[in-house]
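Numbering (the numbering used here), first residue to last: 22 to 283.
Scroll down for the structure; my scribbles are underneath it.
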DNA sequence: CTTAATGTTCCCCA
DNA sequence: TTGGGGAACATTAA
């Protein structure tokens, strides 16, 4: 569920509930979401005060007065500022004012604590909304196909399946095009398309395909504006050709066979 | 019953 | 070292 725009929306909606709060108690119930000693993890954060809540790539980074929590929402994770625990609640934080729930049916998400700065975000590539065109051009000199490269979090942090498809559609680039063989003009178009798509998706509070909700439980709205993702067989908004769906790096990939060239 | 789903990681092979 | 293919993780819905 969560790519950069969704995680950004979660951070913006959850931060006001969390900043300055003290964690009174924490409970974790999944050996997948919280590998290792879950009781020890709870003890480490019990009594800590929340200093800041930020996004890095697809991670929610919660800075405590001692240590840092890095939360990845995986495919079906939700961070909610209210609600009752269910069978899918694998993290439950009692705050001095309010609660914080981590729900995740598939349990692909992770909640990790580091004594210092979040260790998990250290190896992430640059933020797509901050990288300059020059830096982007340099990094694109790779033999990899362009779509899997965009989804590689060490290459650029925050783009997933939806926004890779949408960015490639908007720049007219075929998902199987080799990154290093794209002209400078097309690289510049892609750089701009990524920025435009992510900004627009954040404005619309992300895309809700199935599970994604913000911290208040609200759906996003950007799924209504997708031009490629999830539109197999529907007409391309530019040329009318049916959008095609194939498999690229084991992920469903949507593109216009006429507008997007290799 | 089978397939696919907003993600990541690990193993194998070239 | 880089890159591609496949599997694994757990659950639900079509």
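Note that the Cβ used here is the ideal one computed from N, Cα and C, for glycine as well.
Values in this document were obtained by computation on a predicted structure and should not be read as measured data.
| message | Once DSSP output is grouped into helix, strand and coil, what is the label at residue 111? | response | strand
| query | Is the Cβ-Cβ distance between residue 25 and residue 179 less than 8 Å? | reply | yes
| message | Taking 7 Å as the limit between beta carbons, can you name the residues of its chain near residue 117, skipping five residues before and five after? | response | 42, 43, 45
| Rounded straight-line distance, which links the Cα of residue 275 to that of residue 267 | 7 Å
| said: Please return the same chain residues whose Cβ sits closer than 8 Å to the Cβ of residue 14, not counting the five positions on each side in sequence. | reply: Given that the chain is displayed from residue 22 to residue 283, the structure contains no residue 14 and the question cannot be resolved.
| field | Touching by the beta-carbon criterion (3+ pairs, under 8 Å), the region 97 to 106 and the region 118 to 134 | value | yes
| query | Residues bridged to residue 35 by DSSP? | reply | None, per the DSSP bridge assignment.
| Using the rule of at least 16 other Cβ atoms within 10 Å of the residue's Cβ for burial, across every protein chain shown, is residue 245 buried or exposed? | exposed
| said: Can you give me the C-alpha to C-alpha distance between residue 69 and residue 247, rounded to a whole angstrom? | reply: 41 Å
| field | Three CB pairs or more closer than 8 Å across the region 131 to 139 and the region 182 to 200 | value | no
| Among all the DSSP beta bridges, which residues are the ones paired with residue 73? | 84
| query | What's the gap between the Cα of residue 84 and the Cα of residue 90? | reply | 6 Å
| query | On the three-state DSSP scale, how would you describe residue 243? | reply | helix
| Excluding sequence positions up to five away, which residues of its chain have a Cβ less than 6 Å from the Cβ of residue 200? | 161, 163, 165, 167, 170
| What span of residues does the alpha helix (DSSP H) with residue 190 cover, start to end? | 182 to 192
| Burial state of residue 153 (16 or more Cβ within 10 Å) | exposed
| said: Can you give me the C-alpha to C-alpha distance between residue 34 and residue 236, rounded to a whole angstrom? | reply: 5 Å
| Rounded straight-line distance, which links the Cα of residue 271 to that of residue 202 | 23 Å
| request: To the nearest angstrom, report how far apart residue 232 and residue 206 are at their CA atoms. | output: 37 Å
| task | State buried or exposed for residue 136, treating a residue as buried only when at least 16 other CB atoms are found within 10 Å of its CB. | result | exposed
| message | Once the 5 residues before and after residue 227 are set aside, which same chain residues still bring their CB inside 7 Å of it? | response | 26, 27, 30, 233, 241, 243
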